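Worksheet: the structure to be examined is printed underneath.
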Amino acid sequence: MQIRVVSDSLDTQKLTALVVPVFSDRRLDGIAAQLDAMLGGAITDLYSSGEIAGKSGERAFLHTADRSIKRVLVIGLGEREKFEASALVRYAGAAVRHLGKLNIHSLAFALPLEAQHHVRQSASCLIEGAIAGILDTTIYRTEPDHPIQIDEIILLAHTDAHTFQADALTEGAKRGRILGEAINFTRTLALRPGNEMTPIHLATAAKEISRTHGLAYHVLDEDQMHTKKMGAILGVSRGSDEPARMIVLEYTGDPSSKEKLALVGKGITFDSGGISIKPRENMEDMKYDMCGGAAVIGAMSVIGQLRPKINVLGVVPASENLPGPRATKPGDIHRAMNGKTIEVNNTDAEGRLVLADALCYARELGATRIIDAATLTGAMVISLGHVAVGTMGNDEDFIKHFLRIANTTGERFWHLPLYEEFATIVKSEIADLRNSAGRPAGSLTAGKFLETFVDKTPWIHLDIAGTAYLGTESAHQAKGPTAVPLRAFVAFVEDLAHNGIAKSNSSTEKLHPAART
């Protein structure tokens, strides 16, 4: 795909399709106003007829009599005062999915004038959304439905009232392309069925990423995990013929620093529930139980390309959870890498077991801060639905800093408490811990369980069970995996590289690099 930034005036352009933003206040400016004049008030007529009101996601399609611009797609961005650059992800994705299914291969995009405050970030979000909009979930069909092929994306820098900085647009577009391609790579990993995405397959994908983007790589096999006394992940793996793997990617962007951020992602490549087997309905979706691990690998690929001045570690504990003859039984006790004993009273609460050893290993590898992501609990879907990621941890300043950056990416995160009372609830009568404390506050007791394995290291846990994959198609992306929280991981790493660790009460932090104009 070719991406071009064009600074010429609109009336000199020859465009196959032009995508134009509008707002709910019905005020036209920038290219929307210029185009409305060129087309004899056609966009104004859309408002007047009630065909659009400018609400977020609304679309109206115009065939024009103007030979220089053949088609116009008008897309609403909602309330002007609430505009954020991340809205351009949905704007561009919706345009690609709508026009791409009409066999249109060249798209030009106008930016709203509000984007002038964050030119790089706006261009990045737009290109990210456009690329992410291309992917569909029919990759295994011999004849996929409505294949989308986009050969060219044009960013229009010039309007009748303002010219966006072409260099900033170009820089932002470069970042957006890297991010969009990594998002699709991550989603494709998750789309692979269990027979094509085993722990070994996931480790191979990580190894290829390391070779392509200059990352250090190593992987522990089960013998090495035995030596490290990783009894928790090995206990989960017992029921499968497919051996577990502990996958590690490392980026060293600041050799002079002892600080090292670890991103840890749950990599259960298929989860049947084990002996505590899941219901039959929708069990095929349990191939998505490795979405946290896929997001870590995808984020590391972006970090390897952007080369920020920071040290980042990616750790993915990968295993299957099956009810084989050697599978863990309810009541069995396993010992994690840090020596803690765990009574397994529910084999379907396996994610926290593999993460336990991974968190310990990240600390052994020198992590000074840790963020983990996991499709961990159904309770998270009950509490936050498919809208937001449950966010909890042991360091309030660290959490608040992360939330401030992560919530600018279009992904949504919500702070949940880890009260001390939850520590009592996860205690076992015969071991140090039990891996399931039942339904009440299930996401929070799971978080409190994980806290046992980070000691005093500042740590954040992201429960992505409700947001890692979606069961229905949206206007801007196909159904299936979403790559959450890859965008937040990357934005936070960029911010740390630029600003360092910020205190929660600071009012002077700078924007992360993608947002600077």
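Everything in the sequence shown is counted per numbering that gives the first Met the number 0, starting at 0 for the first residue and increasing by one. Note that the Cβ used here is the ideal one computed from N, Cα and C, for glycine as well. Every value quoted in this text rests on a predicted model; they were computed, and no experiment measured them.
- The DSSP assignment places complete alpha helix (DSSP H) segments of no fewer than 4 residues inside the region 455 to 503 at 485 to 498, in order along the chain.
- Here residue 327 really is in contact with residue 234; their C-beta atoms are around 5 Å apart, less than 8 Å.
- Burial check for residue 148: the Cβ neighbour count within 10 Å stays below 16, so the residue is exposed.
- For residue 183, there is no enclosing beta strand (DSSP E); the residue is found in the alpha helix (DSSP H) stretching over 165 to 190.
- Here the alpha carbon of residue 345 sits roughly 6 Å from the alpha carbon of residue 329.
- By the Cβ criterion, the region 401 to 416 is in contact with the region 372 to 392, since at least three pairs of Cβ atoms, one from each stretch, lie closer than 8 Å.
- Residue 216: member of the beta strand (DSSP E) spanning 215 to 219, first to last residue.
- In the DSSP annotation of this structure, the continuous segment of the beta strand (DSSP E) that includes residue 267 starts and ends at 266 to 270.
- DSSP, read as helix, strand or coil, puts residue 296 in helix.
- Under a 10 Å Cβ-count criterion, residue 372 is classified as buried, with 16 or more other Cβ atoms of the shown protein chains found around its own Cβ.
- In the three-state DSSP reduction, residue 316 falls in the strand class (E or B).
- The shortest CA-to-CA distance from residue 185 to any of 291, 337 and 56 is the one to 291.
- Counting only residues of its own chain and dropping the five nearest sequence neighbours on each side, residue 177 has a CB closer than 8 Å to the CB of 301, 304 and 305.
- Judged by beta-carbon spacing, residue 480 lies within the 7 Å limit of residue 468, meaning their Cβ atoms are closer than that value.
- Listed in chain order, the alpha helix (DSSP H) runs fully inside the region 200 to 254 are 221 to 226 and 230 to 236, counting runs of at least 4 residues.
- With distances taken between CA atoms, residue 269 lies nearest to 195 out of 312, 215, 458 and 195.
- Annotation for residue 391: the continuous beta strand (DSSP E) segment containing it runs 388 to 392.
- Nearest to residue 96 by C-alpha distance, out of 217, 113, 74 and 123, is 74.
- If you compare the alpha carbons of 429, 294, 465 and 62 with that of residue 442, the shortest gap goes to 465.
- Closest option to residue 321, judged by alpha-carbon separation, among 367, 463, 213 and 238: 238.
- If you draw a straight line from the Cα of residue 98 to the Cα of residue 105, it comes to about 9 Å.
- Taking a C-beta distance under 7 Å as the contact criterion, residue 33 and residue 151 do not qualify as a contact pair.
- The continuous alpha helix (DSSP H) containing residue 89 extends over residues 86 to 99.
- Measuring C-alpha to C-alpha distances from residue 187 to each of 496, 478 and 349 identifies 478 as the nearest.
- Residue burial is scored here from C-beta neighbours: residue 162 has fewer than 16 other C-beta atoms within 10 angstroms and is therefore classed as exposed.
- In the structure shown, the three-state DSSP call for residue 409 is coil.
- Judged by DSSP secondary structure, residue 105 falls within the beta strand (DSSP E) whose first and last residues are 105 to 109.
- Assignment of residue 70 by DSSP, reduced to helix, strand and coil, places it in the strand class.
- At least 7 Å separates the beta-carbon of residue 179 from that of residue 241.
- Residue 309 sits away from residue 501, with the two beta carbons spaced by 7 Å or more.
- Take the alpha-carbon of residue 278 and the one of residue 455: they are about 38 Å apart.
- For residue 19, the enclosing beta strand (DSSP E) has its first and last residue at 17 to 21.
- Shown here, residue 117 sits in a helix according to DSSP, grouped into three states.
- Shown here for residue 378: same chain residues with a beta carbon closer than 6 Å to its own, the five before and five after excluded, namely 441 and 442 in chain order.
- Leaving aside the five residues that flank residue 427 on each side, the residues in its chain whose CB is nearer than 6 Å to its CB run, in chain order, 342 and 433.
- Between residue 67 and residue 12 the beta-carbon gap is near 6 Å, inside 8 Å, which marks them as a contact.
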